[in-house]
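Visitor:
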Amino acid sequence: MSEQEHTEMEHQHEHTGPGYMTPQAAIERSEPETLAYVVGTHVGTDVDEPDFVAVVDLDPESSNYGEITDRIDLPNRGDELHHFGWNACSSSCHVGGLERRYLIVPGNRSSRIHIVDAQDREHPELVDVIEPETVNELDLSAPHTVHCIGGGTVIISMLGDADGDLPGGFLELDEDLNVNGRWDHQGEIDFNYDFWYQPRHNAMVSSEWAAPKTYQPGFDLDDVEAGNYGHELQFWNWEERTVEQTVDLGEEGLIPLEVRFLHTPEHAHGFVDAALSSNIFRFWKRDGEWHAEKVIDFESRDHEDWDMPVPALPTDILLSMDDRYLFGSNWLHGEVWMYDVSDPANPQYADSISIGGYFGDRQEVQGRELVAGPQMLQLSLDGERLYWTTSLYSSWDDQFFPEEAERGSVMLKADVNPRKGTMTLDEEFLVDFGDLPDGPARAHEIRWPDGDCTSDIWE
Amino acid sequence: MATVRLVWRDGREATVTATDETLLEAAEHADFSLPFGCRTGACATCTGRLLDGDSTHVRQPRALKQRHRDDGYVLLCIARAKNDSAVEVGVDVHNDLLENPRKGH
């Protein structure tokens, strides 16, 4: 039996668990999203309240379309909710009895991890809290990306040690979502940020931001010169939990943030956005070696109020479920873009929307002024609706778009035509996180209840 | 024991008593709410500025640069008052540290 035949045999399985058998099944069998979970934060504003997870109505037929219909309030202030994830995704589609039910919602500032039961999709409830002391005991802090890793266990990338210094690492939760220990062998890496795994290649890739003590207070050019920001990708042996290879992206790859393997589990190929250098790199494995090269770059632009050219700062990317389009957000320039990556080595510009940020052609929607650029993205499973929010991180927001603390963020949407490769802003859709009972909030990551383009992985 | 005057930029003031607790804890015990995040000196959310008196950090204030410390900024989550003092508090104080590095002043 060839290795390929063996691999195919291994992955023929019944679909009895959460998610979809294949990315194509997710495209064909999913219903259009009717609600989203969106994290909202008050950290770094005058609003003296805890952060929250908002339930946003996305059903165009609903009388509450575009409104926050429920929210999960947290018990503490100061968490800075940021990224979050599920206890199970399509990587467990063969595990009977497992449900995509619990949201794991970390506070990046506090290191506190919240467990939310979303069985009732419209009215999720907080059911457990892992306190910072439990996390710090493993010499970890600043949780970032949450991925379930099959069978109900979860790992979370952690950006710092217990003191907010380097190195970071990974925290593992067991099937009951209790802390199980460290996933990594301590000391394998220094910097940490996002990660994604591709089980058929026994591979994981992780990226690099900075130590919490560096990025949390705000962005400082001195830190760039001092080498306090990352510029490498780490490629892991997934089963051994060891770093197999480090690829240095160099000066054009400063601050590699979101890493996305192609959804198709056969491919050892992906993309990463180097935010500070304003480049998109692709990475791939050939003959047992990982490689990376720049495939898109965004030029800095002059602005009359700036002493230096303004970099685009592409802070988020995602791949459509069919792996055809790469979407991204240039936060400072104020642009949402899509490239055709059918040939991943040669991305072709497809379309963009210029809105918000320092240069956006449009600076308001429905009369609501946009006080920051597009940031976190989420795409419908069928690839026809792209949503985004505008907050990056409270201290960085306050530095680059200070009005966002007073006005709050917005969530916007574009209709995507995947056949023509075009996007159109949906002017009917606006969620205003600035207009809430407690006062303005910032909105960050967006998730669908039944799978999305940035959390589902296939074995 | 020290008496600490908390001064907000909107004109509010309050006086709290601090024993061997941090300035953040002293304010919380007196029911005054101040911004905070990590509580370990790594995130700077709780940044205050010493207007009068002396304080000492009980561990290294990682989130402050030396230039910030020289300017009197303190991390209230890990700072203790050494004597009677006054501290400027509130989210605006942290924002002092956040200049847009490419935009000039």
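So the sequence lines, in the order shown, correspond to chains A and B. The first sequence maps to residues 1 to 459 in the numbering used here. The second sequence maps to residues 1001 to 1105 in the numbering used here. Heads up, the beta-carbon is just placed ideally off N, CA and C, and yes, glycines get one too. Small disclaimer: the values here were computed from a predicted structure and weren't measured.
Counting only Cβ pairs nearer than 8 Å, list the residues of chain A close to B/G1072.
Guide: In chain order: nothing, as chain A lies at least about 16 Å away.
Visitor: In this structure, does DSSP put A/T7 in helix, strand or coil?
Guide: Low local confidence applies: a pLDDT of 47 at A/T7 is under 50, so the model's placement there is unreliable, and no value is given.
Visitor: For A/Q375 versus A/W331, is the C-beta distance shorter than 8 Å?
Guide: Cβ atoms of A/Q375 and A/W331: closer than 8 Å.
Visitor: Who are the neighbours of A/L526 on chain B, taking C-beta pairs under 9 Å?
Guide: Because chain A is modelled from 1 through 459, residue 526 of chain A falls outside the range shown and cannot be assessed.
Visitor: Go ahead and pull the three-state DSSP assignment for A/V256.
Guide: The question names Val, but residue 256 of chain A in the sequence shown is Pro. Strand at A/P256.
Visitor: Considering only residues of the same chain and omitting the five flanking positions on each side of A/F235, which have a CB-CB separation below 6 Å?
Guide: Within the same chain, A/F235 has close Cβ partners V205, E244, Q245, W290.
Visitor: Rounding to the nearest angstrom, what Cα-Cα distance links B/T1015 and B/P1101 in this structure?
Guide: Taking the straight line joining both Cα atoms gives about 36 Å.
Visitor: Buried or exposed for B/E1013, going by 16 or more other Cβ atoms inside 10 Å?
Guide: B/E1013 is exposed by the Cβ-count criterion.
Visitor: How would you label A/E8, buried or exposed, when you count the other beta carbons within 10 angstroms and need 16 or more for buried?
Guide: Residue placement at A/E8 is poorly supported in this model, since its pLDDT is 48, which falls under 50; the coordinates still yield a value, given next. Answer is exposed; the Cβ neighbour count stays below 16.
Visitor: Would you verify that the beta carbon of A/P212 is, or is not, closer than 8 Å to some beta carbon of chain B?
Guide: Yes, A/P212 counts as interfacial toward chain B.
Visitor: Just to confirm before moving on: does the CB-CB distance between A/D351 and A/M338 stay below 8 Å?
Guide: In this structure, A/M338 lies closer than 8 Å to A/D351 by Cβ.
Visitor: Which residues does DSSP pair with B/L1121 in a beta bridge?
Guide: The structure shown does not extend to residue 1121 of chain B, since chain B spans only 1001 to 1105, so no value can be given for it.
Visitor: Is the shortest distance between the beta-carbon of B/F1036 and the beta-carbons of chain A less than 8 Å?
Guide: Yes, because at least one Cβ of chain A sits closer than 8 Å to the Cβ of B/F1036.
Visitor: Let me confirm a value: A/R100 is counted as buried when at least 16 other C-beta atoms fall within 10 Å, else exposed. Which label applies?
Guide: Flag for A/R100 reads buried.
Visitor: Counting C-beta neighbours from all protein chains within 10 Å, is the total for A/L454 16 or more, i.e. buried, or is it exposed?
Guide: With the sequence shown as reference, residue 454 of chain A is identified as Thr, and Leu is not the correct amino acid for it. Flag for A/T454 reads buried.
Visitor: Would you grab the beta carbon distance between A/E208 and A/N192 for me? Rounded to a whole angstrom, and I think it's under 8 Å.
Guide: Between A/N192 and A/E208 the Cβ distance is about 7 Å, and since that is below 8 Å, they are a contact.
Visitor: I'd like to confirm the pairing. Which residues does DSSP put opposite A/G160 in its beta bridges?
Guide: In the DSSP output, where bridge partners are listed per residue, A/G160 has A/S141.
Visitor: By Cβ distance below 6 Å, which residues in the same chain neighbour B/H1057 in space, the five residues on each side in sequence not counted?
Guide: Only I1078, A1079 meet the Cβ criterion.
Visitor: Which value, in whole angstroms, describes the spacing of the CA atoms of B/A1081 and A/R407?
Guide: C-alpha separation (whole angstroms): 35 Å.
Visitor: Does the Cβ of A/M321 have 16 or more other Cβ atoms within 10 Å, making it buried, or fewer, making it exposed?
Guide: A/M321 should be labelled buried.
Visitor: Smallest Cα separation from B/K1065: which of A/N76, A/N64, A/D220?
Guide: When only C-alpha atoms are compared, the closest one is A/D220.
Visitor: For the beta strand (DSSP E) containing B/V1089, list its first residue and its last residue.
Guide: That run of the beta strand (DSSP E) goes 1085-1089.
Visitor: Going by C-alpha to C-alpha distance, which of A/A26, A/G66, A/E49, A/V39 sits closest to A/S91?
Guide: When only C-alpha atoms are compared, the closest one is A/A26.
Visitor: For chain A, find out if any of its Cβ atoms is closer than 8 Å to the Cβ of B/D1096; answer yes or no.
Guide: With 8 Å as the cut-off, B/D1096 does not count as an interface residue toward chain A.
Visitor: Apart from the five residues on each side of it in sequence, which residues of its chain come closer than 6 Å, Cβ to Cβ, to A/E134?
Guide: As written in the sequence, residue 134 of chain A is Thr, which differs from the Glu given in the question. Taken in chain order, the residues that qualify are V179.
Visitor: Counting C-beta neighbours from all protein chains within 10 Å, is the total for A/S342 16 or more, i.e. buried, or is it exposed?
Guide: A/S342 is exposed by the Cβ-count criterion.
Visitor: In whole angstroms, give me the CA-to-CA distance for A/G367 and A/D432.
Guide: Their backbone Cα atoms lie some 11 Å apart in a straight line.
Visitor: With a CB to CB cut of under 8 Å and the five nearest residues on each side skipped, what residues in its chain are close to A/V310?
Guide: Cβ within range, chain order: S300, R301, D302, H303, L332, H333, Y358, F359.
Visitor: Once DSSP output is grouped into helix, strand and coil, what is the label at A/F285?
Guide: The sequence shown places Lys at residue 285 of chain A, rather than the Phe named in the question. Three-state result, A/K285: strand.
Visitor: In whole angstroms, what is the alpha-carbon distance linking A/E459 and A/I317?
Guide: Using only the alpha carbons, I get a separation of about 22 Å.
Visitor: Kindly list the residues whose CB is nearer than 8 Å to the CB of A/E122, restricted to its own chain and excluding five residues on each side of it in sequence; keep chain order.
Guide: Excluding sequence neighbours, A/E122 sits near L35, V55, T69, D70.
Visitor: Under 9 Å between beta-carbons, which chain B residues line up against A/P219? List them in chain order, please.
Guide: The identity of residue 219 of chain A in the sequence shown is Phe, whereas the question assumes Pro. Simply L1098, N1100, P1101.
Visitor: Cβ of A/L430 within 8 Å of Cβ of A/G66?
Guide: Going by C-beta atoms, A/L430 is nearer than 8 Å to A/G66.
Visitor: Can you tell me whether A/N417 is helix, strand or coil according to DSSP?
Guide: Reduced to three states, the DSSP call for A/N417 is strand.
Visitor: Give me the Cα-Cα distance between A/V116 and B/N1083, rounded to the nearest whole angstrom.
Guide: A/V116 and B/N1083: Cα-Cα distance of roughly 45 Å.
Visitor: Cβ of A/R109 less than 8 Å from any chain B Cβ?
Guide: It does; some Cβ of chain B falls within 8 Å.
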